[in-house]
Structures are given as C-alpha cells and as structure tokens.
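K.L.:
I have a structure here, written as structure tokens, and I will follow up with some questions on it.
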Amino acid sequence: MQKLNPVALGGTFAIIDLVLHPLFHLWVAVSPRSYERLMNVFVAGLHLQVTEFDTSITHLILGTVLEAAAFGALGFVAASLYNWLHRA
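Residues in the sequence shown are numbered consecutively from 83, following the working numbering.
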C-alpha cells in the first residue's frame, strides 16, 4: 500500500501557492479586464469587476503567506485523510 507523505504534500501545495499568488496579483495589476473575462468564463454565474485593487507590499506579503499556510494545511489534511481512508 502506497501512503502519501502529508508534510510533503502540504509543502508542495504551499510552494505552488507561493509562486502563483504573486503572479495572479501581477496579472490583475497589469490587465484586470482579461482576469475578469477569464474568471467569468470559468466560474458559472460569476460577474466579477475589479474596481479597486490593493497593491501594497504588506497586503501582498501577508496575503501570500496566509494563503500558502492555508494551502499547506489543506494538503496535509488531504494526505492524512487519504492515508486514513486507505489504510490496510
């Protein structure tokens, strides 16, 4: 039986988020209309309008760290749950 390493999966999720979160901020800052169009296509019923965007460095750093921690915890819980449900 192959088990998942919860710490490794959580860390992977966190690292992916640490890379993608600032890139999404950059995308919205550079071209908010293209972001709105794509989100409207992928999320049914969502009518997004970016009217004001907080570009402060404090918001970017704090948001990225908090979101990475949440994704890390999500990965840890998902791997732990997988291991628990598939125990032999």
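Every residue, glycine too, gets a C-beta built ideally from N, C-alpha and C. If you're wondering where the values come from, they're calculated on a predicted model, not measured in any experiment.
Should Leu-105 be labelled buried (16 or more other beta-carbon atoms within 10 Å of its own) or exposed?
P.N.:
Classification of Leu-105: exposed, given that the 10 Å Cβ count is below 16.
K.L.:
Can you tell which of Gly-157, Asn-165, Trp-166, Leu-167 has its C-alpha closest to the C-alpha of Ala-90?
P.N.:
Nearest of Gly-157, Asn-165, Trp-166, Leu-167 to Ala-90, Cα basis: Gly-157.
K.L.:
Using only CA atoms, which one of Leu-167, Ala-160, Phe-153, Leu-163 lies nearest to Phe-95?
P.N.:
Nearest option by C-alpha distance: Phe-153.
K.L.:
Could you work out which residue in Gln-131, Asn-87, Val-112 is closest to Glu-171 when comparing CA atoms only?
P.N.:
Given a span of 83 to 170 for the chain in the structure shown, any question on residue 171 remains unanswerable.
K.L.:
At a Cβ threshold of 8 Å, is Glu-134 touching chain B?
P.N.:
The question asks about chain B, but that chain is absent: this structure has only one protein chain.
K.L.:
What separation, rounded to the nearest whole angstrom, lies between the Cα atoms of Ala-155 and Leu-142?
P.N.:
About 20 Å.
K.L.:
How many Å lie between Ala-126 and Leu-120 at the Cα?
P.N.:
Looking at the two C-alpha atoms, the distance is approximately 11 Å.
K.L.:
Where does Ala-161 land, buried or exposed, given buried means 16+ other C-beta within 10 angstroms?
P.N.:
Ala-161 should be labelled buried.
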